[in-house]
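Asks:
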Amino acid sequence: LQIDRDTMIFVANDLRKEKGSTYILEQLMQQAQAAGKDAVIESLRAVAEARYVKQQGGVVLGIDADPQLRYQRSVKRGSETDKVSFEKWRQQEIDESNPDDPTKQDIFGALKESNYIIENNVSLEALRGEVDAFLDTLS
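According to the working numbering, the sequence shown is numbered sequentially starting from 1355.
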């Protein structure tokens, strides 16, 4: 399989369809529990995943930003999944919004399930400060 965002979406959606809408998160949480310490699971893509984390006693922190800024950051990151035009990237986001099918991604629905959302439209330092402040509320 080609390593790109479209393939990752296809594989994740197929796993949800074949194994259940929370299968991916169940596997990740089992790994986290086996490690015996706190863990961060990033990039929740489906409403059922966000709800599952909360049902298991976890906290969902959503981080959002302006689409153009998110795109610029993804290009700067430079992974194989990020080598696309802004138009293709936006279409992928739209394709990841499937509120009527729990076996598919719904990134904006998952974001709405967050316990708390940070708007990350400034700097990395500002984001770190907001995340630290959020984490302080958990202790």
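Ideal Cβ positions, reconstructed from N, Cα and C, are used throughout, including at glycine. Small disclaimer: the values here were computed from a predicted structure and weren't measured.
(1) Just confirm the distance between the C-beta atoms of residue 1472 and residue 1399, as a whole number of angstroms; I'd bet it's less than 8 angstroms.
(2) Looking only at its own chain, which residues have a Cβ that is under 7 angstroms from the Cβ of residue 1457, when we skip the five neighbours before and after it?
(3) Starting from residue 1483, follow its DSSP beta bridges and name the residues at the other end.
(4) May I ask which residues mark the beginning and end of the beta strand (DSSP E) holding residue 1463?
(5) Between the segment 1398-1417 and the segment 1470-1490, do at least 3 Cβ pairs fall closer than 8 angstroms?
(6) Use the C-beta contact count for residue 1450: other C-beta atoms within 10 angstroms, 16 or more gives buried, fewer gives exposed.
(7) Taking the continuous alpha helix (DSSP H) assigned at residue 1372, which residues delimit it?
(8) Identify whether residue 1490 lies in helix, strand or coil by the three-state DSSP scheme.
(9) Give, in chain order, every unbroken run of the alpha helix (DSSP H) that is at least 4 residues long and sits entirely within the segment 1365-1422.
(10) The beta strand (DSSP E) spanning residue 1473 covers which residue range?
(11) Any idea if residue 1478 is buried or exposed, counting beta-carbon neighbours within 10 angstroms, 16 or more meaning buried?
(12) What are the start and end residues of the alpha helix (DSSP H) that includes residue 1447?
(13) Measuring only the C-alpha atoms, how far is residue 1405 from residue 1363?
Replies: In this structure, then:
(1) Going by Cβ atoms, the distance from residue 1472 to residue 1399 rounds to 18 angstroms, so no, they are not a contact pair.
(2) 1367, 1370, 1371, 1375
(3) Per DSSP, none; premise fails for residue 1483.
(4) No beta strand (DSSP E) holds residue 1463; the alpha helix (DSSP H) holding it covers 1461-1466.
(5) yes
(6) buried
(7) 1359-1373
(8) helix
(9) 1377-1389, 1401-1409
(10) 1470-1473
(11) exposed
(12) 1440-1449
(13) 20 angstroms
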